[in-house]
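The structure under discussion appears below in the form of C-alpha cells.
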Amino acid sequence: MSADPITSVVERNLCTGCGGCAGAFPNAIRMLEDPVHGRRPVVARNDEGRAASKAAMAICSGANSDWSQLQIRDQTEADWGPILSTWEGWAADPEIRLKGSSGGAVTALATFALHFGQVDGVAHVAARQDDPRLNEAVISRDRVGLMRGSGSRYAQASPAELVGEITRGADQVAFIGKPCDVASVRRATGQDNELAAKIPLTIAIFCAGAPNLKATDRLLDRLEVPKGGDLIDLRYRGNGWPGLMQATWRDKSGVEHLSKGIPYAEGWGTILQGERRWRCNICADHTGAFADISVGDPWHAPPQGDQDAGRSLIVARTAKGRAVVEAAIRAGVLIAEPRSRDVIEDAQPNLKKTHGAAWGRIAAMRVVGLQTPHLKGQRLWSLWLRLSTKQKLQSVLGTWKRILRNRLWRNVTIARIGP
Ligand SMILES: Cc1cc2nc3c(=O)[nH]c(=O)nc-3n(C[C@H](O)[C@H](O)[C@H](O)COP(=O)(O)OP(=O)(O)OC[C@H]3O[C@@H](n4cnc5c(N)ncnc54)[C@H](O)[C@@H]3O)c2cc1C
Ligand code: SF4
Ligand code: SF4
C-alpha cells in the first residue's frame, strides 16, 4: 500500500520539519525527533491518519510553495521576495541586544508587539529545559518567556506545531520561525480567515539550514562537555555578535561548569553545517519571503571580534510589517537606520548563490527521477543563469554525487505511532 501524502513527503526528503501538519492534526500526526533525519512527522496508520495527512498537504510548505501570490515588483524582489523597506539596527534593551543572535531585533519586535497590545502572545521556539540539546515550541506572554527564545538555535525546531493551539485558542499571536516555518503558517492562514486574524504578524529569521541532533552532540564533544555531564544550557549564538558556542553543565556532585567557547564561524563551518538535511540544500527561500518581517545578519558590515555589539538586518515584506518596525522605532524599542532595499544582496552573498544553486540541484534530482518540491512562480532559473559556469556545473554534478553518496533514492524512515 502506498504511503499517505505526509509520510511520502518525509520519505522523499521533502519535509522541512516545520511541524505544521502535526499542529493542525494533533490526534493523527505527531512530530518525532530523529537524531539523523531531524524532527519529522509520523502519521497514525488508520483512516483518521490518512484523512489528516491528505488535508495537511494543503499547509505543507515542504512539498509546495507558491510565489505567484507574492507581490514581486522588480529583480531584487524576484531574487529575494518582497522588500518594502530595510533597516540595520538593534534592540534598545541592552540585555535583548546582548543575548540576541545578531542585534536582538526579533525579540525586540516581539516585545514591542506584546507590550504595545498588538498581540496577546508570541509563538516561538526555545531550548527544552529538560534537555537543552532539543527545542520546544512555546507561546510566550511576557519578556521572561521571550528571552528564553533569544539567540539562534542551530538545531531542529518545529514552531509551526503551534498552529493547532493558536486555532483552538482565542488569543492573537505573533509567529516567529524560519522561512519554511513561516511559509507553512502562511499557507494555513491563507485558507482559514479565523486563523489569519489570530496570527496578525509573522517574523522570519534568515536560515542557511537546520542541523540535526547528531551535529549538536558533536558540538558538545568539541566544547568538551563530558558524556555523563548534566547539560543545563547550550548557546549557539548570542552574548555578543556573532557570539560564542558554549554550554553550561553540572557534574555528578552538582557543581556547575561553563564549557570552553568556540567562535560561531568554527562551530558552524566545521561541525554544524555539514549536518544540514538534504531538504535545506534545495530550499528556495532562505530569507522568509512569506513573512511580514525578516531578520538576519548584516554580514556586509561584519563584526570585528567574536563578541561585538550586535546588529541585525531588518526587512519589511508587507505594509503591516513595515508599520510594526516603524512603530517599534518610534517607541524607542528598536534602534535602526534605513538602508537601501538591495543591501540584502551584499549582506547575504552565500544565500543568493544557494538560491541559484537550488534550481540546478532540483533539475539534477528530476533528471534521475527523484521527487522535488513543487515551486510555483519563483524565478530560480534566472538566479541559476547568473552563477558562474563552475557553480552551475557544481550545482548539478555535486547533486548527483550526493545522491550516490547519501543514497537519496532510498526512503527516509522515522519511527511510527499507531498500530
Ligand atoms: C538554523 C539557523 C540558520 C541561520 N542561518 C542564517 C544565515 O545563513 N544568514 C543570516 O543572516 N542569519 C541566519 N540565521 C539567523 C540569525 O542567526 C538570527 O536569528 C537573526 O539574525 C535574528 O537575530 P536576532 O538577534 O534579531 O534574533 P533573536 O532576538 O536572538 O531572536 C531569535 C528568534 O529566532 C527564533 N529561533 C531560534 N532558533 C530557531 C530555530 N531553529 N527555528 C525557528 N526559530 C528559531 C527564536 O525563538 C527567537 O525568537 C540562522 C538562524 C538559524 C536558527
Ligand atoms: S514540511 Fe512541515 S507540514 Fe510538511 S510534512 Fe514536514 S512537518 Fe509536515
Ligand atoms: S534552509 Fe530552508 S528548509 Fe532548511 S530549515 Fe532553513 S528555511 Fe527551512
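For this note's numbering, add 845 to where a residue sits in the sequence shown, where the first one is 1. Here a beta-carbon is modelled for each residue, glycine too, at the ideal position from N, C-alpha and C.
Notebook entry, point to check: In whole angstroms, what separates the C-alpha of Thr-1093 from that of Ile-1107?
Noted result: 13 Å
Check: Hey, quick one: how far does the beta strand (DSSP E) through Pro-1343 stretch, first residue to last?
Finding: Summary: the structure shown does not reach residue 1343, with the chain confined to residues 846 through 1264, and so no result is reported for it.
Check: What residues come near ligand 3, if near means a beta carbon less than 5 Å from any of its heavy atoms?
Finding: Thr-861, Lys-1023, Pro-1024, Cys-1025, Cys-1052, Gly-1054, Ala-1055, Cys-1125 and Cys-1128
Item checked: Neighbour-count burial assignment, Ile-1259, 16 or more Cβ in a 10 Å radius -> buried
Note to self: Am I right that Thr-921 and Ala-936 are in contact with their C-beta atoms under 8 Å? What's the rounded C-beta distance?
What the structure shows: 27 Å between Cβ atoms; not a contact.
Notebook entry, point to check: Got a sec? Which residues, its chain only, sit under 7 Å from Asn-858 by beta carbon, not counting five neighbours each side?
Noted result: Trp-1123, Arg-1124, Leu-1253 and Val-1257
Notebook entry, point to check: Which full runs of the beta strand (DSSP E) of 3+ residues lie inside the region 1138-1180, going along the chain?
Noted result: 1138-1141 and 1157-1161
Next item on the list: For the region 995-1004 and the region 1047-1057, state whether three or more C-beta atom pairs, one from each stretch, are separated by less than 8 Å.
Entry: yes
Margin query: Quick check: is any heavy atom of ligand 2 less than 7 Å from the C-beta of Pro-886?
Written below: yes
Next item on the list: Please confirm whether Arg-1095 and Asp-1075 have their CB atoms less than 8 Å apart.
Entry: yes
Notebook entry, point to check: Touch check for the region 1194-1213 and the region 1234-1245: three-plus C-beta pairs under 8 Å?
Noted result: yes
Next item on the list: Run the CB neighbour count on Lys-944, radius 10 Å, all protein chains shown included, and call it buried at 16 or more, exposed below.
Entry: buried
Next item on the list: Under 6 Å Cβ to Cβ from Asn-909, same chain only, skipping five residues before and after it: list those, please.
Entry: His-1219
Note to self: Using a Cβ-Cβ cutoff of less than 8 Å, which residues in the same chain neighbour Lys-1165 once the five nearest sequence positions on both sides are dropped?
What the structure shows: Pro-1045, Leu-1046 and Asp-1137
Next item on the list: Out of His-882, Pro-886 and Pro-880, state which residue places its alpha-carbon closest to the alpha-carbon of Ile-874.
Entry: Pro-886
Check: Mind checking Leu-1249: buried by the 16 CB within 10 Å criterion, or exposed?
Finding: exposed
Next item on the list: Taking only runs that begin and end inside the region 1061-1142, name each unbroken beta strand (DSSP E) of 3 or more residues, in chain order.
Entry: 1075-1080, 1089-1095, 1101-1103 and 1138-1141
Next item on the list: Kindly indicate which three-state DSSP category Asp-879 falls into: helix, strand or coil?
Entry: strand
Check: Under a three-way DSSP split, which group does Asn-858 fall into?
Finding: coil
Notebook entry, point to check: Using a threshold of 7 Å, is the CB atom of Pro-1004 nearer than that to any non-hydrogen atom of ligand 5?
Noted result: Ligands displayed in this structure: ligand 1, ligand 2 and ligand 3; ligand 5 is not among them.
Notebook entry, point to check: Do Arg-988 and Thr-1034 have their C-beta atoms closer together than 8 Å?
Noted result: no
Notebook entry, point to check: Lys-1043 bridges to which residues according to DSSP?
Noted result: Lys-1043 is not bridged to any residue.
Notebook entry, point to check: For the beta strand (DSSP E) that Ala-1055 lies in, which residues bound it at each end?
Noted result: Looking at the DSSP string, Ala-1055 is not in any beta strand (DSSP E), and its letter there is neither H nor E.
Checklist line | Strand pairing of Pro-1183, partner residues [DSSP] | finding: Trp-932
Next item on the list: Enumerate in chain order the residues of its own chain whose CB-to-CB distance from Phe-1135 is below 6 Å, with the five nearest sequence positions on each side excluded.
Entry: Val-1027, Ala-1028 and Arg-1031
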